[in-house]
Amino acid sequence: MDAITGTAAGVPFTALPPSGTGNDRAPLIVTWHMLDAPRTDAAFAAALPMAGVPSWRVHLGMPLCGPRMVDGRLDRHLELAREDILLAYLGPIVHQAVEEFPAALAELRRQLPVDDQPIGILGASLGGAVALQVLTAPPAPIGAVALVNPAVRVRAAVELLATGLDQPYVWTAESRRAADDLDFVGRAGELSGEPPLLLVSGERDHPALREDAFSLVKALRGRYARPDEIELATVPDLAHPLADEPGLEPAPQLPTTAAVDGVLTRWFVRRFARQ
């Protein structure tokens with residue numbers, strides 16, 4: 027069965043059906059892609075299809091991405107980043123994605139034959155911040171969480187983007203408060219329910235992002251009643267992106283991305299088998 031594309035409460039999505047489950051209802055995994063390549067729901071679905079997982083994998087489009095790009099171009103991203111990387115760009119994207127998720131999830135349940143067991147969520151890069159923010163106040167039970175090269179502390183993403191723009195970021199009291207709200211090491215105690223969590227970190231990801239990822243793993247292992255429910259996987263040779271530029275359309279998997287896909291597939295199969 028081919029991918030299904032559509033919208034759910036105004037949010038574009040690409041849904042991949044479970045294999046080998048007949049017409050029965052199946053579990054649901056929801057993902058949020060990165061702003062680097064692959065930067066659309068369709069491209070992310072091609073990069074990380076997780077074909078061996080007997081669940082619906084529904085890849086949601088992030089705000090300002092894919093069909094929601096202004097005039098079909100990425101120019102608006104650059105304009106907002108130059109205006110204020112955190113307050114006009116990264117922060118609003120995360121918060122909008124989180125705010126629109128409950129209605130999108132309810133609509134997905136009406137459109138697709140998913141079962142009522144706890145869902146899985148997955149986020150990559152800034153999509154990882156979305157997944158973690160969702161986990162602070164989930165609209166439905168969360169049974170498993172996976173993160174790939176996540177923006178665990180948005181400060182690191184701000185500084186990396188500022189370097190790329192050659193435009194030092196000027197921190198203010200307001201932006202510091204906004205960064206604290208998207209610091210999930212600092213907010214580790216607010217993450218709900220202690221679901222199993224897998225963090226996949228590329229060996230060649232940005233050092234600041236890797237350091238923050240390791241800090242989150244350490245913080246959660248210190249809080250979970252079962253620390254072994256927090257897993258860390260390092261993928262050799264994987265940099266931050268999961269696809270070649272421009273990352274707007276589905277493309278063949280890169281070898282490193284195929285390795286990530288394999289790690290996620292095995293982990294989600296094991297987790298759903300336990301539910």
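Take 27 as the starting number for the sequence shown in the numbering used here and just add one per residue.
Backbone N, C-alpha and C fix where the C-beta goes; we use that ideal spot for every residue, glycine too.
Would you list the residues sitting across from H85 in a DSSP beta bridge? T40 and T57
Tell me the DSSP secondary structure of D142 in three-state form. Coil at D142, not helix or strand.
Short Cβ contact (7 Å threshold) for A73 with H85: no
For V174, list the residues DSSP reports as bridge partners. A150 and V226
Looking at L268: is its Cβ nearer than 7 Å to the Cβ of T291? no
Reference A69, options R249, L104, H232 and F39, closest by Cα: Looking at the Cα atoms, F39 is the closest of the given residues.
CB contact flag (G273, P89, <7 Å): no
Does the segment 111-124 touch the segment 196-214, meaning 3 or more C-beta pairs lie closer than 8 Å? Yes, since at least three Cβ pairs between the segment 196-214 and the segment 111-124 fall closer than 8 Å, the two stretches touch.
Separation of D192 from L246, as counted between CA atoms: 35 Å
What's the C-alpha gap between E255 and P93? 36 Å
Residues near V96 by beta carbon distance below 8 Å, same chain, minus five either side: L90 and R102
Assuming A34 is part of the beta strand (DSSP E), what are its boundary residues? I30 to A34
List, from N- to C-terminal side, the beta strand (DSSP E) runs of 3 residues or more that fit wholly inside the segment 196-280. 223-228 and 256-261
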